[in-house]
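Report on one structure; see the data block that follows.
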Amino acid sequence: MPPEFALEDFAKALRAPDAPLPKGIVDPFGNPAPKRFDVYRNNVTVSLIEALQAAFPAVCALVGEVFFREMARTYLRTHPPASPVMIEYGHGFAEFIEQFEPAASLPFLPDVARLDRAWLDVYHAADAQPLNPARLAGLNDDVLTGARFFVHPAVRFINSGFPLHDLWQAGRAAKSAAGIDPSLVQNVAITRPRYEIQTFGVTPVSAIFIRALMEKEPLGAAVEKVADIKGFDLTRVLNRLLTSGFFMDVEF
Amino acid sequence: MFDPLNIPNQSGAGFKGEHFASIMESNSTVGFFEIHAENYMGAGGLPHRMLTAIREKYPLSVHGVGLSIGAEGPLDTEHLTRLKNVVDRYQPGLVSEHLAWSTHDTNFLNDLLPVPYTKAVLDRVVEHIDQVQTTLGRQILLENPSTYVAFSQSEMKEVDFIRQVQKRTGCGLLLDVNNVHVSATNQNYDAKDYLASFPVEHVGEIHLGGHARDVDDQGAPLLIDAHDREVDDAVWGLYAHLIGNIGPRPTLIEWDNDVPAWHILKADVDAAGRILEQKAGNTHAA
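Chains as they are written, first to last, in my numbering: chain A, 103 to 354; chain B, 866 to 1151.
What follows is the structure, given as structure tokens:
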């Protein structure tokens, strides 16, 4: 079946830059046309590199465009998009970077990639009314202790052992990351109460608390996990979560 | 009040989020907007909020770029369902897709790839379009491609292939005049001959866009369908010739890469609008 054979060959050759020209690919005069075929190869490769560059702006800024595009080119050879919904492309890029030898000197880079990708997930996530903080006003301690929160659909939380929020913001603002204190540890919360995306850094102790709430543990149990750890400020953290639209609902 | 289910015989633009504020602030006169369906397959957020606001003010056309109608495997029914969801949500006046393939072995290749024009491929494309039209419960328009290579296996001309597809599926046609010019140059045929044999009575929409210039293996001109600049003078000429022959049709300016400020894109939209008005005027006078 010549036509089927042609498309199979065509697809294989597209993704292998050194593969020979598929049989039957010609110019209008019947001559073999490798340069013409390369237009398709180039379209596929460049469009995917550009999709990744658009999805991972902080990663790109931190490593520079030349490095990023080579890294993206390597990624797309082994991880082509699995669906035509390109707004989903690049889940797995962070894990790829973890194994990408030339980026080994930047151990924070996978986390920056996770944050870039999560930002895009939040951008496209479902709409929902955030929890009105007034719902918690005037409740007695017994009721509050048993409160379980439902996380808003446009929320992501990224764990990191690096000054992730500062690094990521430097990348997104195309500013130098040179002045950032490397000993800082920032997990990052991303929220979108309505349409404006917010991000904020979270200390390791607050992260334990937030993770517990995200797993639907009651407020009292979440507080207990961190009550003895120095530097935990319940009022401040809870206030931040409530005013940033982290939750959609609460049950008592 | 406009009829949202009726795309007027006016000129429109591909909608880009970065133009939203300019469009709304200037209250732009635009016949309709068109979106790439795949960009609205997320659940919510700003893209849907902007599109909802656009849809309240302007007729909307939905253009799919990922269904891979020409692929040798079966259609991705999950993706077809996503397209149906976008169509159900926005109730567009027109829905269109491409005579091309873009998925192979579940890998999405992110380009509109050419098919050989054979009877076997024709049967497959017809089957796929039947499936799309049945699922969506409406007619779609099929767009003629830009091509850079030919297949030695091809058994018929592109225009005959498209006529057969139309006849067997009852689909409408989206005639991309830039693609006609690009393919005619690249495949060494005359664009006006192509238009003369195209089944124009089934054309529900026209696309215009910009192309880049390259050369092929023999040093002959090779045009690339880049959508990254103004519509070329040669394409304007072909378009005016076509509209003079068939009368006005909804006409979209596509500008997807190196997207300019709104007023620059709008200038091409207005240029198409003037040709439509002029030819409509001639038609009425005749």
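Cβ atoms here follow ideal geometry from the backbone N, Cα and C, with glycine treated the same way.
Source: prediction; values computed, not measured.
From the beta-carbon of A/Y297, the residues of chain B found nearer than 8 Å are G910, L911, R914. Residue environment analysis places B/M889 among the exposed positions, since fewer than 16 neighbouring C-beta atoms fall within 10 angstroms of its C-beta. Rounded to whole angstroms, the gap between the alpha carbons of B/R1078 and B/A1137 is 22 Å. Less than 7 Å divides the Cβ of B/G958 from the Cβ of B/L870.
Beta-bridge partners assigned by DSSP to B/H1072: B/D1041, B/L1117. In the DSSP annotation of this structure, the continuous segment of the beta strand (DSSP E) that includes A/I260 starts and ends at 258 to 260. Of all residues in the segment 172 to 191 of chain A, only P182, P183, A184, S185, P186, V187, M188, I189 come within less than 7 Å of chain B when Cβ atoms are compared, listed by chain position.
Under the Cβ distance rule, B/Y1013 counts among the residues neighbouring chain A, one pair being separated by less than 7 Å.
In the structure shown, B/D1093 falls within a coil segment according to DSSP collapsed to helix, strand and coil. Contact with chain B is absent for A/R143, since none of that chain's Cβ atoms lies less than 7 Å from the residue's Cβ. Relative to B/A878, the option among B/D868, B/Y923, B/L911 whose CA is nearest is B/Y923. Sequence-distant partners of B/T1050 (beyond 5 residues in either direction) whose C-beta falls short of 7 Å from its own C-beta, in its chain, are P1086, L1088. When only Cα atoms are considered, B/S1011 and A/P183 end up about 23 Å apart. The closest CA to that of B/V1100, considering only B/S891, B/S1048, B/G907, is found on B/S1048. Neighbours of B/N1053 across chain A, judged by C-beta separation under 9 Å: D129, P130, F131.
Remark: fewer than three beta-carbon pairs, one from each stretch, lie closer than 8 Å, so the segment 985 to 995 of chain B and the segment 190 to 210 of chain A are not flagged as touching.
The Cβ atoms of B/E1095 and B/D1133 lie closer than 7 Å to each other. Within the same chain, and ignoring the five residues on either side of B/A936 in sequence, the residues whose Cβ sits closer than 6 Å to its Cβ are W966, T968. Cβ atoms of A/V128 and B/V1014 come within 8 Å of each other, at about 7 Å. Annotated three-state conformation of B/E962 is strand, per DSSP. Contacts with chain B at 7 Å (Cβ-Cβ) do not include A/H254.
Under the Cβ criterion of 7 Å, B/N972 is counted among the residues facing chain A. When DSSP states are grouped into helix, strand and coil, A/N234 belongs to the coil group.
Using a Cβ-Cβ distance cut-off of 8 Å, the segment 303 to 315 of chain A and the segment 332 to 340 of chain A are in contact, since at least three pairs of beta carbons, one from each stretch, lie closer than that value. Using a CB distance below 9 Å, the part of the segment 1066 to 1087 of chain B facing chain A consists of D1079, V1080, D1081, D1082, Q1083, A1085, L1087, ordered along the chain. Proximity of chain B to A/H226 at the Cβ level (cut-off 8 Å) is accounted for by G907, A908, G909, G910, P912, in chain order. Proximity to A/P209 across A/L222, A/N242, A/F264 peaks at A/F264, based on C-alpha coordinates.
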